[in-house]
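Take the sequence shown: its letter number 122 is residue 164 in the numbering used here, and every next letter is one higher. Quick reminder that beta carbons are idealized off the backbone N, C-alpha and C, glycines included. Quick notes on the structure that follows.
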Amino acid sequence: MTGTVDARLAAVYRYEILDTPRDGTFEGFARVAARQLRVPIATVTIVDADRVWFAAAEGLPGVTQIGAEPGLCASAVLHAGPYVVNDALVDPRTMDHPLVRGELGLRFYAAAPITTRDGHRLGTVNVIDSAPRDISDDETTLLTDLAGLIAQHLDLRLATLLAVRAEQELRRDADARATASAALVRRMRTAGAAQRDTGTHPESCQLGGPAGCTAPAELKVADTWGDHAWGCRAHVEEILTHASSVFLASQELNGLAAYRAR
């Protein structure tokens, strides 16, 4: 049972809906439920580990969450289908619940679980009245349909959230690449100025591979093994970008000697 509860809570947190500002969407579902079932109160809830958070609360202004006492939403979310309490004052599941014994005086409660595509029940869409009553099959079907639409909306919301984050990550990567590229261009410009007109390098690029490259050799590169070559700007930029062990080299490759003589 613990594993099932943990998996359900993991699904709740995956949707990142708890404590988010209300945007009017869930309120619309709650209003439809209240109007169609002719009740004063309808809510859309997400059941956390120790609380029931209201994504919408038609008829309960200012209420954002309640405790997760068993009997109402905390119990309804454990049922695969509709959960109905015709008279909460005499129903053993609910008769001691604070919303029944307290100021609200809840007597009627009906809920349908908001179920994800992978079978996790996040919360409920439910209707509440202060008088006992029955509920028809059509009315429970309506609640079930509304819960399904809410689940679809949550999937769409999550997909949009993930897409925005992916776009932001791509933008950050692009900015980082642009910054690195600009820094590389500056280094190449500085190295090119230092190595220009030395008269000791080949005329043509040595980095063109089997096809060769006839562009002027402007910059010297080396790797950590001591190999070195002269290349044109385009091929030097390409190898510096894709080979982490290659670096812009000095004319003499005397870095170690300079270090020892410091």
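Span separating the alpha-carbon of residue i from that of residue j
| i | j | result |
| --- | --- | --- |
| Ile1 | Glu111 | A question about residue 1 goes unanswered here, because the residues of the chain that appear run from 43 up to 304. |
| Val127 | Asp133 | 7 angstroms |
| Gly101 | Leu79 | 14 angstroms |
| Pro174 | Ala208 | 50 angstroms |
| Ala75 | Thr85 | 8 angstroms |
| Asp138 | Val119 | 19 angstroms |
| Leu295 | Glu211 | Per-residue confidence for Leu295 stands at a pLDDT of 49, beneath the threshold of 50, marking its modelled position as unreliable; the derived number appears in the next sentence. Rounded to the nearest angstrom, the two C-alpha atoms are 39 angstroms apart. |
| Tyr55 | Leu196 | 12 angstroms |
| Tyr151 | Gln194 | 24 angstroms |
| Gly144 | Thr62 | 28 angstroms |
| Arg50 | Phe68 | 21 angstroms |
| Gly190 | Ala220 | 45 angstroms |
| Ala201 | Ile83 | 30 angstroms |
| Ala222 | Arg228 | 10 angstroms |
| Arg199 | Glu58 | 10 angstroms |
| Leu131 | Leu146 | 12 angstroms |
| Glu181 | Val142 | 22 angstroms |
| Thr183 | Leu204 | 32 angstroms |
| Ala299 | Arg213 | Reliability fails at Ala299, whose pLDDT of 49 lies under 50, so the model's placement of it is uncertain and the value that follows must be treated cautiously. Cα to Cα, Ala299 sits roughly 43 angstroms from Arg213. |
Residue i: first and last residue of the uninterrupted beta strand (DSSP E) it sits in
| i | result |
| --- | --- |
| Thr87 | Ile83 to Val89 |
| Val263 | Leu261 to Asp265 |
| Ile156 | Phe150 to Thr157 |
| Val105 | Note, Val105: premise wrong, no beta strand (DSSP E); not H, not E. |
| Val12 | The structure shown does not extend to residue 12, since the chain is modelled only from 43 to 304, so the question has no answer here. |
DSSP-derived helix/strand/coil call for residue i
| i | result |
| --- | --- |
| Ala305 | What the structure shows of the chain is the stretch from 43 to 304, and residue 305 is not part of that stretch, so it cannot be assessed. |
| Val252 | Going by the sequence as given, residue 252 is Pro instead of Val. The answer is helix: DSSP assigns Pro252 an H, G or I state. |
| Val98 | Looking at the sequence itself, residue 98 is Ala, so the reference to Val does not match. It is a strand residue. |
| Ile192 | helix |
| Thr166 | strand |
| Ala271 | strand |
| Pro258 | strand |
| Val54 | helix |
| Ala198 | Rather than Ala, the amino acid found at residue 198 in this sequence is Leu. Helix. |
| Val119 | coil |
| Leu290 | strand |
| Arg219 | helix |
| Arg93 | strand |
| Arg304 | Summary for Arg304: the model assigns pLDDT 44, below 50, so the residue's position carries little reliability; its value from the coordinates is reported in the next sentence. Reduced to three states, the DSSP call for Arg304 is coil. |
| Asp171 | strand |
Extent of the continuous alpha helix (DSSP H) to which residue i belongs
| i | result |
| --- | --- |
| Glu280 | Arg275 to His284 |
| Glu69 | Thr67 to Leu79 |
8 angstroms contact criterion, which residue i and residue j should meet: CB distance rounded
| i | j | result |
| --- | --- | --- |
| Ile192 | Phe71 | 6 angstroms |
| Leu249 | Ile281 | 6 angstroms |
| Asp90 | Leu60 | 6 angstroms |
| Ala53 | His121 | Not quite, the Cβ-Cβ distance comes to about 16 angstroms (not below 8 angstroms), so this is no contact. |
| Val263 | His270 | 7 angstroms |
Pair within 9 angstroms by beta-carbon distance, residue i and residue j
| i | j | result |
| --- | --- | --- |
| Thr186 | Thr87 | no |
| Pro244 | Trp272 | yes |
| Arg149 | Asp171 | yes |
| Ala257 | Arg275 | yes |
| Pro140 | Ile108 | yes |
| Asp265 | Ser246 | no |
| Ala99 | Tyr125 | no |
| Val169 | Val105 | no |
Residue i CB to nearest heavy atom of the ligand ATP below 8 angstroms
| i | result |
| --- | --- |
| Thr158 | The ligand ATP is not part of the structure shown, which contains no ligands of any sort. |
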